Amino acid sequence: MFDDFYLISFVPILTGLFSALSCTLVGNILVLRKRAMLSDTISHVVLPGIVISFLIFGNLGSYFMLVGAGIAGLTAVGTIAVLRIYTSMDNSAAMATTLSVFFAAGVLMIELTAGGNVHLDVEHALYGNLESLIWIDGESLMSVFDPVARQTIPVELTRAIIGFVLIMTVMLVCWRFLIVSTFDQTFAEISGVPVGIVSAGVALAATLAAVISFAAVGSIIVVSMFVCPPAAARVLTQSFRDQVCLSVSFSAISAVLGYVVAGYVPILLGFETSISAAGTIATLSGVILVCAIFYSKRQRSYDFIDGHQT
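With my numbering as the guide, the letters of the sequence shown map in order to residues 298 to 607.
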């Protein structure tokens with residue numbers, strides 16, 4: 298069963314891992330800014346851009362697909378801003394409206410072109426295609442150092458790694474600005490921090506993470522990784538640095554263990570087929586969040602009792 302690990306599972310695990318880490322890094326900022334709903338919105342609104350690019354260029358491996366999805370994501374962010382400024386809608390209503398309209402438009406495009414030469418469907422949009430990321434020349438870890446074998450690595454993994462490196466680099470460079478503008482916006486403005494630019498950068502980073510991850514892992518993992526690991530880390534610590542470290546750990550555990558459970562446990566139990574990797578990864582991230590909440594409440598109860606005893 299594990300003989301074909303590098304052929305079948307190596308690339309999907311790494312793709313899911315780096316996609317999850319990218320979303321989680323940005324998700325920490327969104328959760329602290331109480332804008333977690335933005336991740337749900339962006340992860341759905343990129344669908345029309347992906348479909349249009351797919352129809353034009355014919356495959357999901359085209360980097361033009363990223364451009365189309367990015368344009369759709371940025372258009373959605375702009376639409377939300379316009380609805381907030383020029384209507385009586387609050388932030389949540391504007392995001393919910395934008396999400397519904399854009400995602401519905403994407404689904405409609407898929408359905409209208411279903412009879413043509415289109416290999417994209419609603420299930421692909423929701424669950425991604427992790428299981429189909431087969432590395433044809435993957436025989437062992439040493440295949441990574443083989444130039445010929447490297448050429449057959451699915452492009453989704455390359456995108457996921459590039460996206461993770463870009464987002465991590467930007468966060469490290471802008472760490473001070475992110476912290477100041479997130480925790481005390483008034484002080485940040487007085488100190489000369491370009492709060493508007495930082496906010497736009499966060500939205501752009503969220504769009505980048507969602508766009509790079511969407512085609513490979515689907516919207517379910519994207520949404521869960523934006524929110525669940527950062528939220529789980531937040532209930533366990535008040536330190537932003539510790540929160541980021543914990544959330545990244547939770548995200549990695551969810552991605553790797555989730556894929557292993559989905560792909561191998563059903564077979565070990567005697568079933569003929571595996572289960573959805575995307576659904577399992579998202580579910581596991583939710584389980585980690587629930588466990589973190591219960592652990593946090595238990596620790597507070599102990600601290601309360603110890604405080605009264607002393």
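We treat Cβ as the ideally placed atom computed from N, Cα and C, and that holds for glycine.
As the structure is a computational prediction, the values presented were derived from the model and not from experiment.
Looking at C-alpha atoms only, which residue of G576, I487 and D301 is the closest neighbour of L438? Position 141 of the sequence shown, counted from the start, is the residue given in the question as residue 438. Considering only alpha carbons, the answer is D301.
Taking the alpha-carbon positions, what's the A333 to L409 distance? What you label residue 333 is simply residue 36 of the sequence shown in a count that begins at 1. What you label residue 409 is simply residue 112 of the sequence shown in a count that begins at 1. A333 and L409: Cα-Cα distance of roughly 32 Å.
One question on the structure: do V541 and A530 come within less than 9 Å of each other, judged by their Cβ atoms? Taking the first residue of the sequence shown as position 1, residue 541 is located at position 244. Taking the first residue of the sequence shown as position 1, residue 530 is located at position 233. Cβ distance < 9 Å, so V541 and A530 count as in contact.
From this set, M392, G435 and I578, which residue's C-alpha is nearest A373's C-alpha? For this step, residue 373 is matched to residue 76 along the sequence shown. Comparing Cα-Cα distances from A373 to each of M392, G435 and I578, the minimum goes to M392.
Does G370 pass the burial test, meaning 16 or more other C-beta atoms within 10 Å, or should it be called exposed? The residue labelled residue 370 in the question sits at position 73 within the sequence shown. Buried, by the Cβ-count rule.
Tell me which residue opens and which closes the alpha helix (DSSP H) that Y561 is part of. Stepping through the sequence shown from its first residue, residue 561 is reached at position 264. Run containing Y561: F537 to L565, per the alpha helix (DSSP H) assignment.
Answer yes if the region 555-562 comes into contact with the region 496-505, meaning at least three C-beta pairs across the two stretches below 8 Å, and no otherwise. no
Is it right to say E436 is buried, meaning 16 or more other beta carbons lie within 10 angstroms of its own, or is it exposed? Residue numbering aside, residue 436 sits at position 139 when the sequence shown is read from its first letter. Its Cβ having fewer than 16 others within 10 Å, E436 is exposed.
Can you grab the Cα-Cα spacing for the pair G515 / L469, in whole Å? Reading the sequence shown from its first residue, position 218 is the one you call residue 515. Reading the sequence shown from its first residue, position 172 is the one you call residue 469. So the alpha carbons of these two residues sit roughly 27 Å apart.
Residue of L565, P563, A528 and T577 minimising C-alpha distance to F591: As a first step, residue 591 must be located in the sequence shown, where it is residue number 294. Closest by alpha carbon: A528.
Taking G304 as the reference, give the member of C471, C525 and S440 with the closest Cα. Stepping through the sequence shown from its first residue, residue 304 is reached at position 7. In the sequence on display, residue 304 carries Leu and not Gly. Cα-wise, what sits closest to L304 is S440.
Ordered along the chain, which non-local residues of its own chain (more than five positions away) have a Cβ less than 8 Å from that of P491? As a first step, residue 491 is located in the sequence shown; it is residue number 194 there, counting from the start. Contacts found: F474.
Neighbourhood of A317 by C-beta distance below 6 Å, restricted to the same chain and skipping five residues each side: As a first step, residue 317 is located in the sequence shown; it is residue number 20 there, counting from the start. Contacts found: M522, S548 and A552.
Mapping the DSSP letters down to three states, classify K331 as helix, strand or coil. In the sequence shown, residue 331 corresponds to position 34, counting from 1. Note: K331 maps to coil in three-state DSSP.
Continuous alpha helix (DSSP H) stretch holding G425: start and end: Taking the first residue of the sequence shown as position 1, residue 425 is located at position 128. From DSSP, G425 is part of no alpha helix (DSSP H); its letter is neither H nor E.
Buried or exposed by the 16-neighbour rule on C-beta atoms within 10 Å, applied to F601: Start at 1 with the first residue of the sequence shown, and residue 601 comes out as number 304. Because the pLDDT at F601 is just 49, under 50, the model does not fix this residue reliably, and the point stays unresolved.
Taking the straight line between their C-alpha atoms, what separation do you get for S350 and F484? Counting from one through the sequence shown, the residue named residue 350 turns up at place 53. Counting from one through the sequence shown, the residue named residue 484 turns up at place 187. Distance between the alpha carbons of S350 and F484 is about 43 Å.
Mapping the DSSP letters down to three states, classify P491 as helix, strand or coil. In the sequence shown, residue 491 corresponds to position 194, counting from 1. P491: coil per DSSP, three-state reduction.
Using DSSP with H/G/I as helix, E/B as strand and the rest coil, what is G375? For the purposes of this step, residue 375 is identified with residue 78 of the sequence shown, where counting begins at 1. DSSP places G375 in helix when its eight states are reduced to three.
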